[in-house]
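These protein sequences, in sequence, are chains B and L.
Take -7 as the starting number for the first sequence in this note's numbering and just add one per residue.
Take -7 as the starting number for the second sequence in this note's numbering and just add one per residue.
Even for Gly, the Cβ is constructed at its ideal location relative to N, Cα and C.
Input: a single structure, listed below in structure tokens.
Number of protein chains: 2
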Amino acid sequence: MGEHYEQYLRNNRSRHLEELKQYLSIPSISALSGHKQNMVQAAEWTAEALRRIGIEHVQVMPTGGHPVVYGEWLKAEGKPTALIYGHYDVQPVDPLHLWDTPPFEPVILEDKIYARGASDNKGQIFMHIKALEALLAEDGTLPVNVKLCIEGEEEIGSVHLDEFVEVNKEHLAADVLVISDSVMYAKGKPAICYGLRGLCGMQINVKGPSGDLHSGLYGGAVQNPVHALVQILSSMRNEQGEITIGGFYDQVRYVPEEERERFRSLQFNEEQMSQELQVAELFGERGYSALERTWVRPTLEINGIYGGFQGEGVKTVLPSEAHAKLTCRLVPDQSPNEIIERIQRHIDRHTPPGVSVTTTLFDTGKPFVTPVDHPVIQAAGRAYREAYGVEAVYIRSGGSIPVVATFAAVLNVPVVMMGFGLSDENIHAPNEHFHLENFDKGLLTLCRYWYELAGIRSNDAIRNGDNNCSS
Amino acid sequence: MGEHYEQYLRNNRSRHLEELKQYLSIPSISALSGHKQNMVQAAEWTAEALRRIGIEHVQVMPTGGHPVVYGEWLKAEGKPTALIYGHYDVQPVDPLHLWDTPPFEPVILEDKIYARGASDNKGQIFMHIKALEALLAEDGTLPVNVKLCIEGEEEIGSVHLDEFVEVNKEHLAADVLVISDSVMYAKGKPAICYGLRGLCGMQINVKGPSGDLHSGLYGGAVQNPVHALVQILSSMRNEQGEITIGGFYDQVRYVPEEERERFRSLQFNEEQMSQELQVAELFGERGYSALERTWVRPTLEINGIYGGFQGEGVKTVLPSEAHAKLTCRLVPDQSPNEIIERIQRHIDRHTPPGVSVTTTLFDTGKPFVTPVDHPVIQAAGRAYREAYGVEAVYIRSGGSIPVVATFAAVLNVPVVMMGFGLSDENIHAPNEHFHLENFDKGLLTLCRYWYELAGIRSNDAIRNGDNNCSS
């Protein structure tokens, strides 16, 4: 086994890339209501791609928001069932003027494909579809049973997926959840991710006088909402990068010294990171390395701020209102809802006189971690070794896939995160791209993984290999 | 004297208002380069309006930026010469969606005319033109000599007017400078303004990583430019509303107790102000009344702030850059350039690690104050009493007309600020308007003022009535 799908993938590479370009050209931005029709189009495209390769019972299933694409192939009797999760929605593209090529006109340059969604996540869910295509085309069968659940709301917090998973939990039942939506450790260094941060956030709206005022005639007499906002925001973090929201760190789980030692053994190059990002130095919570600050420590980041005059030149206005968007990345055992409450209490306590503050909440996701030594994770290690010719490393990620915690809890499955992205591929930013080297090797890894998974001694070993999740 | 121009103004009121609507419909926004042609159009309109009423030697004089309109009438032999200053440029109109009627389609509603520039300053400079028209039409002459200097860059800091005044100082020589670009004390309570605040400001640009980053993958490891910006801005003011820039208050001139007592005697209603602005309470530097905080105390106000994601919903980005615009209002004897230097030193000292900061400076203006008991100011008091039937009060203003200090210094003239605006007329904000009651009474006041000025015993009394200015 192995030679057939390798040959098949080589022979069909050009066609696959053309299909991927088609997929990436659909502007499926879930956050913007004007793109609703594109979302349907991307869902239909995904469903059709599944039907074409022989996946059965493919459906575009409605939710309260954007639809979920579901399909299955369940003919590997006695073999484990894997649930593959991914998403066909993408992030907004602004600031558009910073893109070198249009975000929805995919181009391949220097063995990388550039487009919004190339790495996160259309490119990677497309690889899953093509790996299954290769096996089905060459073998006429699959070594394991598979179910696919591809949603359209990941970039807006998987608004309706919790409910979808709950309602369809019998339908989605599986032995393992496989997700390719994380990054490799570095170029040429594959990684299996066993932990993700959680997420919560809000928009803060500060309202002052009923209209914009002349800053000369009123300046000094009236609270300026932008001053109030920067005062509130500034009070949330000290100069050492520590979050000063009362109780913010109370529920943070102790990170064992052996795990920190494993992080150190990765010899992460902070100097190189700061060079790549073109900053004079990295910055963050004191007492922790950059890896630790992104993997096992929580954060509070302002994602956007706006108020008053933003045009060319100067306008001497005392603005009527000011706004900021902020999100926290959470680690076990922080509770998103509890952190939101703490932030709101902090805002109440730090709102200066003369303005009023309202907040609107964003969707939340729990933090998540899986034991490193679980058989489904070790099987992934073997698949990577085969395809890449090197040992994979076991990492955590600072990102969040809120639905992972839901899947793990509702379906009671272990989770394997086999991502093929690289951290400098500008996901969520202008000029997102994906390295075709990892498109090719990733396809081989995925094909191989299904054989490795089929080889695990029994389904029981998968399901009860360990206490399989912790969210 | 008196009856003739009153009758004339009544008879021609409808035509005057139609002309004013024409004038206000020209979108002469000096700050926006796209409006260059409208600026020329507004200058030509002004010049033609002067020619039509009999003003002589009318010229549209080029500068390095928008042109100055000049005209004169110098046939009142042996009488004082007044220089009338105003501006035909207006502020930008955004946020446009907050206007109830389009800013450049003037409408009269409930005896108020709504349009950008209705109060600041087209409406008021137009009144000067129409007052001269009434006198010339009825008497065939004027009681004093007049020169008019109407510029197009007041709202962007009178960029080229300092040089213009310096170059043309013989041409502009006069006995008194008259400006109608300030506000009355209240509806029905005319005021003569004897002091203005100065102005300086800058845009602060904070640059972090070379591009926007994923706030999950990088959050915690890298300085967030928005956090850095709010930290810098927050450090500039304490919770009591005091500016904490080192040395900010060092040059502030002592305000005598008798002047503060005069302010108190105005019985300014702070409660009413906060109700009008729809804020729970006023806010500002402790130990001073709202009037004092706007008239005789300096301020630092953030006029605008922006960075990161501002769209609908959430985008979990760690922004690459963040920006703020701030301006200070200054009082005697603060120096705009010195304050700018102090702010820059403060920024240098408060810039956190991991970002770089640049600043771009806005134009400056010196603060200014004229003695209350100067004959040209007392003459204005008599004119107001005649036209409004009440005593005018003597006030200072928190606003800035930077060129006033220049005029006073270069031409060595006393300054009379006879404004007809009201402080709730939304100048610099959506729904700017002007009360027609003050259009009518203001025209009478201006006509009367020229007779009062003509009656002062000698030109020497005007020029040497007192040490005439202090900037």
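So if DSSP puts residue i in a beta bridge, which residue, or which two residues, is it bridged to?
i	result
residue 320 of chain B	B:192 and B:292
residue 137 of chain B	B:73
residue 183 of chain L	L:385
residue 250 of chain L	Bridge partners of residue 250 of chain L: none, in fact.
residue 348 of chain B	B:199
residue 104 of chain L	L:101 and L:427
residue 229 of chain B	B:235
residue 205 of chain L	L:310
residue 410 of chain L	In the DSSP output, where bridge partners are listed per residue, residue 410 of chain L has none listed.
residue 48 of chain L	L:64
residue 303 of chain L	DSSP lists no partner for residue 303 of chain L.
residue 360 of chain B	B:188
residue 78 of chain L	L:142
residue 353 of chain B	B:194
residue 276 of chain B	Answer is none; residue 276 of chain B lacks a bridge partner.
residue 211 of chain L	L:214
residue 297 of chain B	B:316 and L:299
Could you give the distance in angstroms between the alpha-carbon of residue i and the alpha-carbon of residue j?
i	j	result
residue 446 of chain L	residue 170 of chain L	14 Å
residue 190 of chain L	residue 149 of chain L	11 Å
residue 1 of chain B	residue 179 of chain B	21 Å
residue 380 of chain L	residue 204 of chain L	60 Å
residue 378 of chain B	residue 440 of chain B	8 Å
residue 415 of chain B	residue 110 of chain B	13 Å
residue 20 of chain L	residue 70 of chain L	38 Å
residue 373 of chain L	residue 442 of chain L	12 Å
residue 118 of chain L	residue 352 of chain B	47 Å
residue 365 of chain L	residue 371 of chain L	10 Å
residue 101 of chain B	residue 268 of chain B	20 Å
residue 42 of chain L	residue 120 of chain L	10 Å
residue 262 of chain B	residue 282 of chain B	7 Å
residue 53 of chain B	residue 247 of chain B	40 Å
residue 223 of chain B	residue 218 of chain L	13 Å
residue 220 of chain L	residue 64 of chain B	49 Å
residue 419 of chain B	residue 233 of chain B	24 Å
residue 463 of chain B	residue 89 of chain L	At residue 463 of chain B, the pLDDT of 40 sits below 50, so the modelled position is not reliable; the number obtained from the coordinates is stated separately. The alpha-carbon atoms of residue 463 of chain B and residue 89 of chain L are separated by roughly 45 Å.
residue 460 of chain L	residue 345 of chain L	Any reading at residue 460 of chain L must be qualified, since the residue scores a pLDDT of 37, below 50, and its modelled position is unreliable; no value is offered.
What is the residue span of the alpha helix (DSSP H) that residue i lies within?
i	result
residue 118 of chain L	114 to 131
residue 399 of chain L	394 to 403
residue 437 of chain B	428 to 446
residue 420 of chain L	Counting along the chain, residue 420 of chain L falls outside any alpha helix (DSSP H), and DSSP gives it neither H nor E.
residue 161 of chain B	161 to 164
residue 283 of chain B	282 to 287
residue 332 of chain L	328 to 342
residue 169 of chain B	No alpha helix (DSSP H) holds residue 169 of chain B; the beta strand (DSSP E) holding it covers 168 to 171.
residue 176 of chain B	Counting along the chain, residue 176 of chain B falls outside any alpha helix (DSSP H), and DSSP gives it neither H nor E.
residue 373 of chain B	367 to 380
residue 6 of chain B	5 to 16
residue 22 of chain B	Premise fails: residue 22 of chain B is in no alpha helix (DSSP H) and is neither H nor E.
residue 266 of chain B	262 to 269
Between which two residues does the beta strand (DSSP E) carrying residue i extend?
i	result
residue 100 of chain B	99 to 101
residue 65 of chain L	60 to 65
residue 55 of chain B	It is not in any beta strand (DSSP E) - residue 55 of chain B carries neither H nor E in the DSSP assignment.
If I'm right that residue i touches residue j with Cβ under 8 Å, what's the distance once you round it to whole angstroms?
i	j	result
residue 354 of chain L	residue 193 of chain L	4 Å
residue 197 of chain L	residue 313 of chain L	7 Å
residue 76 of chain B	residue 128 of chain B	Residue 76 of chain B to residue 128 of chain B, Cβ: 14 Å. No contact.
residue 78 of chain L	residue 142 of chain L	5 Å
residue 188 of chain B	residue 393 of chain B	6 Å
residue 317 of chain B	residue 296 of chain B	4 Å
(Q) Below 8 Å, how does it come out for the region 194 to 214 of chain L and the region 399 to 409 of chain L: are there three or more Cβ pairs, yes or no? (A) no
Q. If you pair each beta-carbon of the region 285 to 299 of chain B with each one of the region 318 to 325 of chain B, do three or more pairs fall below 8 Å?
A. yes
Q. Looking at C-beta atoms only, is the number of pairs between the region 228 to 243 of chain B and the region 325 to 339 of chain B that lie closer than 8 Å three or more?
A. yes
Q: Spell out a yes or no on whether the region 19 to 36 of chain L and the region 77 to 85 of chain L are touching, meaning 3 or more CB-CB pairs, one atom from each, closer than 8 Å.
A: yes
Q) Okay, do the region 424 to 436 of chain L and the region 149 to 164 of chain L touch, 3+ Cβ pairs below 8 Å being the bar? A) no
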